[in-house]
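Engineer: Submitted below is the structure of interest, expressed as structure tokens.
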Amino acid sequence: MTSAERGNNVTMIAAINATGNSIPPLLVFPRAKFKDHMLNNCPPGSVGASNKSRWSNEVIFLQFLEHFINNVRPSIEKPILLLMDNHESHVNIYVIESAKKSGIVLMTFHPHTTHKMQPLDRGVFGPFKTFYNNAMNNGMISPGNAGKPVTIYDISYLVGQAYPHAFVPNNIINSFKCTGFYPFNENIFTDIDFLAANVTNRPIVNTEACISNESINVKTAQSSLPST
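If you read the sequence shown in the numbering used here, its first letter stands for residue 128, the second for the next number, and so on.
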């Protein structure tokens with residue numbers, strides 16, 4: 128298979144918790160209108176949205192929060208903590224109000240720390256990308272697929288193949304452990320871990336050749352930690 132839509136990404140929003148569970152993802156397609164068939168073969172319970180820019184926005188993240196609430200069932204009596212990055216779409220007034228009335232305590236990561244502190248980044252998205260690429264490579268060598276284009280409508284199938292293998296309890300639990308969230312470990316990092324990068328005069332290496340033509344942009348920032 129070859130990519131027929133170079134540069135078109137689909138954003139995936141996912142959520143996990145410290146006990147090793149996850150909820151079905153939300154996929155954002157780069158289209159003006161979302162159609163149900165775009166989610167064919169996606170993990171059961173997945174939801175979809177559309178945005179020509181292919182990225183999440185305030186409306187879409189509010190949709191994800193509602194999806195999160197329907198799956199997790201937080202309440203004022205049994206509140207939960209939700210960790211995420213501080214992107215403007217995550218902290219708008221509608222999200223804050225919806226979270227507050229549903230028993231969700233919002234907390235955001237400091238800028239430039241998610242590579243160390245985001246559980247999804249540390250232990251889940253890496254395996255997910257591996258399984259996703261394996262599924263795509265297997266499709267390329269399947270009989271009758273030579274030369275056929277991979278489009279955004281194939282991504283749900285690829286996500287459906289990769290998600291059950293990557294979002295497993297062992298990966299999820301370890302991702303919370305290595306970030307120090309659970310079991311809580313305040314000494315998991317040292318000051319050296321967050322030192323500013325050194326300035327260099329070396330030229331920047333062009334990495335575009337290493338990027339696959341059709342990629343799914345995994346939205347690491349959103350809903351990394353529903354913790355109870």
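C-beta: ideal position from N, C-alpha, C; glycine also. This one's a predicted model, so the numbers in the text were calculated from it and none came from an experiment.
If we require 3 or more residues per run, which beta strand (DSSP E) segments fall completely within the stretch 206 to 241?
Structural biologist: Taking only runs of at least 3 residues, the beta strand (DSSP E) segments lying wholly in the stretch 206 to 241 are 207 to 211, 231 to 235.
Engineer: Hey, how far is the Cα of Leu285 from the Cα of Gly271?
Structural biologist: 18 Å
Engineer: Within the continuous beta strand (DSSP E) that includes Ser177, where are the two ends?
Structural biologist: 174 to 177
Engineer: Taking the alpha helix (DSSP H) that Ile282 falls in, what are its first and last residues?
Structural biologist: 282 to 293
Engineer: For the beta strand (DSSP E) that contains Leu153, what are its first and last residues?
Structural biologist: Unbroken beta strand (DSSP E) run through Leu153: 153 to 156.
Engineer: Determine, using beta carbons only, whether Val251 and Ser302 come nearer to each other than 8 Å.
Structural biologist: yes
Engineer: Going by Cα to Cα distance, which pick from Asp163, Ser180, Ala273, Ser225 is closest to Ser173?
Structural biologist: Asp163
Engineer: Does the beta-carbon of Ile223 have 16 or more other beta-carbons within 10 angstroms, so that it is buried, or is it exposed?
Structural biologist: exposed
Engineer: Hey, Leu154 and Cys169 are a contact pair by Cβ (cut 8 Å); roughly how many whole angstroms apart?
Structural biologist: 7 Å
Engineer: Can you give me the C-alpha to C-alpha distance between Asn167 and Asp320, rounded to a whole angstrom?
Structural biologist: Between Asn167 and Asp320, the C-alpha separation is close to 42 Å.
Engineer: Which residue comes first and which comes last in the alpha helix (DSSP H) that contains Ile299?
Structural biologist: 296 to 305
Engineer: Just the Cα atoms here: how many angstroms apart are Lys160 and Thr146?
Structural biologist: 36 Å
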